[in-house]
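Peer 1:
There are 2 protein chains.
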Amino acid sequence: MPNKTPPVKTDPRVRRTRRLLRDALVSLILEKDFAAISIKEITERADVAYITFFRHYESLDRLLMEVLDEGLSGLLIHIETLANQFETSALETEGRLIFEYIEQKSDLFRILLKSQSVIRVRKKVVQNIAVIFKKSCMPLARLDNLVTVNIASNHIATSLLSLIEWWLENNMNPSPSEMGRVYKSLIIDSTVGAVSSLSAVSR
Amino acid sequence: MPNKTPPVKTDPRVRRTRRLLRDALVSLILEKDFAAISIKEITERADVAYITFFRHYESLDRLLMEVLDEGLSGLLIHIETLANQFETSALETEGRLIFEYIEQKSDLFRILLKSQSVIRVRKKVVQNIAVIFKKSCMPLARLDNLVTVNIASNHIATSLLSLIEWWLENNMNPSPSEMGRVYKSLIIDSTVGAVSSLSAVSR
DNA sequence: CCTTTTTGTTATACTGTGTAACAATTGTTT
DNA sequence: AAACAATTGTTACACAGTATAACAAAAAGG
Chain A
882 MPNKTPPVKT
892 DPRVRRTRRL
902 LRDALVSLIL
912 EKDFAAISIK
922 EITERADVAY
932 ITFFRHYESL
942 DRLLMEVLDE
952 GLSGLLIHIE
962 TLANQFETSA
972 LETEGRLIFE
982 YIEQKSDLFR
992 ILLKSQSVIR
1002 VRKKVVQNIA
1012 VIFKKSCMPL
1022 ARLDNLVTVN
1032 IASNHIATSL
1042 LSLIEWWLEN
1052 NMNPSPSEMG
1062 RVYKSLIIDS
1072 TVGAVSSLSA
1082 VSR
Chain B
882 MPNKTPPVKT
892 DPRVRRTRRL
902 LRDALVSLIL
912 EKDFAAISIK
922 EITERADVAY
932 ITFFRHYESL
942 DRLLMEVLDE
952 GLSGLLIHIE
962 TLANQFETSA
972 LETEGRLIFE
982 YIEQKSDLFR
992 ILLKSQSVIR
1002 VRKKVVQNIA
1012 VIFKKSCMPL
1022 ARLDNLVTVN
1032 IASNHIATSL
1042 LSLIEWWLEN
1052 NMNPSPSEMG
1062 RVYKSLIIDS
1072 TVGAVSSLSA
1082 VSR
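Protein chains in written order, with my numbering: chain A, 882 to 1084; chain B, 882 to 1084.
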């Protein structure tokens, strides 16, 4: 049986080059608009030959994806444990943890915001989050309200992302614990209530 | 008193050229990805000299903005009348009207979706919608929950846009009247409930 | 009909993407 | 350590798209 991340060690030169390119992109995004960043600029900052970029990534988007995947995996773990909680108290705690996590890695999330010139990235993030919540919504689902579940999970995912964006744009101003409360009330409780009321009508 | 637009009649050639360019962009967006559209392509389809584009728009984004502003003004009117409703029955009717309006002009809204490679456009749309709702939320506002009002109006605006996007991606599948119900329950009622519960805590 | 404005034509500079050939360097194996 | 393999650097080039300039042609308005 072949392993998933197999015994084939990647060349240290390759790891080094890719890391240099990722770091260069990150530092550039923190300085200027993503749309204004060129491949040439990245390779120059990374101290790497121009052509080397194309030997590792087929486009600038791919590099951005790699950077974001790396950084978002931590957040998704938080969201996942949160989605599996049903106790009220635990929900508030987990909501707070999300915003504390973002606070710690705020640079990374500013990148996520800025790089959203590329909408595909946003859509991918939304889908990842929506899938997580859909799983934990499924128990409530009956045949006749599958659409409702789809709408609800999409609604939660997009709302959470929008709330995070709003928070970052407001310099992370209400504290994480307050944002945790807002999250629970405005997004989770609201959606759960709406879903049951919508189901009640179609019953 | 000088009027806003009227007495200075714009040259018919200018009106014609701008209309040709707008139409060309629309027809191209319906065919392919916005990011893959060049100015040269637009001018060729519009049967207009390449340089003429720059005599009217400083960038491709500006042209896109003009196209969307024109098309979205109708939707914003619907949303505005909706935001000023407080009767439950009227709210459902107005919610339905939104989605019926979108159904009628679905081509235009597919453009809005596709052209969101440019996130600035989306942000502008969100802000416009948020301002509308903020006005009608203000009566409920006290000093201590101004933040809550900001969050709430932003939440309503982004949620509505996300719901519209979801609906278009699902081929406008639940009927407009059902979407109107969903809108009322999932977005309006939920948010109102959440705001009052959040205010109650901080009281 | 004459003047003004807009548009078309042609040429040019510039930036960024993407590829190719070959040399130089670094990693791996025996 | 030597031989081999893989990666990276250098240089050159083709190509597409943006943006501007100068001048001729056409259309609008008094």
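Where a beta carbon is used, it is the ideal one built from N, C-alpha and C, also for glycine.
What is the DSSP secondary structure of B:M1053, counted as helix, strand or coil?
Peer 2: Residue state, collapsed to three classes: coil.
Peer 1: Using the Cβ count rule (16 or more neighbours within 10 Å means buried), how would you classify A:S940?
Peer 2: By the 10 Å Cβ count, A:S940 comes out exposed.
Peer 1: At the level of alpha carbons, what is the spacing between A:V1007 and A:N1035?
Peer 2: Roughly 8 angstroms between the two C-alpha positions.
Peer 1: When we look at the beta-carbon of B:N1026 and count the other beta-carbons within 10 Å, is it buried (16 or more) or exposed?
Peer 2: With 16 or more other Cβ atoms within 10 Å, it is buried.
Peer 1: According to DSSP, is A:E973 part of a helix, a strand, or is it coil?
Peer 2: Helix at A:E973.
Peer 1: Could you give the uninterrupted runs of the alpha helix (DSSP H) lying entirely in the segment 1036 to 1080 of chain A, keeping only those of 4 residues or more?
Peer 2: Counting whole runs of 4 or more residues, the segment 1036 to 1080 of chain A contains the alpha helix (DSSP H) stretches 1057 to 1063.
Peer 1: For B:A905 versus B:R936, is the C-beta distance shorter than 7 angstroms?
Peer 2: No. Outside cutoff.
Peer 1: For A:V1079, which residues in chain B fall below 8 angstroms Cβ to Cβ?
Peer 2: In the sequence under discussion, the amino acid at residue 1079 of chain A is Leu, which differs from the Val named in the question. The answer, in chain order, is R1062, V1063, S1066 and L1067.
Peer 1: Distance check for A:R896 and A:P887, CA to CA, integer angstroms please.
Peer 2: Caution applies to A:P887, whose pLDDT of 48 falls short of 50 and renders its modelled position unreliable; the model cannot decide the point.
Peer 1: Cα-Cα, which of B:T1039, B:V1063 and B:V1073 is closest to B:P1020?
Peer 2: Considering only alpha carbons, the answer is B:V1073.
Peer 1: Mind reading off the beta-carbon distance from B:G952 to B:K1065? Whole number of angstroms is fine, and I expect it under 8 angstroms.
Peer 2: Contact doesn't hold; Cβ gap of about 25 angstroms is too wide.
Peer 1: Please tell me whether A:A1011 has its Cβ less than 7 angstroms away from any Cβ of chain B.
Peer 2: No - not a single Cβ of chain B is within 7 angstroms of the one on A:A1011.
Peer 1: Indicate whether at least one CB of chain B lies closer than 7 angstroms to the CB of A:S940.
Peer 2: Output row for A:S940: interface = no.
Peer 1: Kindly list the residues whose CB is nearer than 8 angstroms to the CB of B:N965, restricted to its own chain and excluding five residues on each side of it in sequence; keep chain order.
Peer 2: Taken in chain order, the residues that qualify are S1017.
Peer 1: With distances taken between CB atoms, is the gap from B:L911 to B:I918 smaller than 7 angstroms?
Peer 2: No, these two residues do not count as a Cβ contact at 7 angstroms.
Peer 1: How big is the Cα-Cα spacing for A:S1071 and B:S1071?
Peer 2: If you take the alpha carbons of A:S1071 and B:S1071, they lie about 5 angstroms apart.
Peer 1: Give the residues of chain B in contact with A:P1055, contact being defined as C-beta atoms less than 7 angstroms apart.
Peer 2: Those within 7 angstroms of A:P1055 in chain B are V1028.
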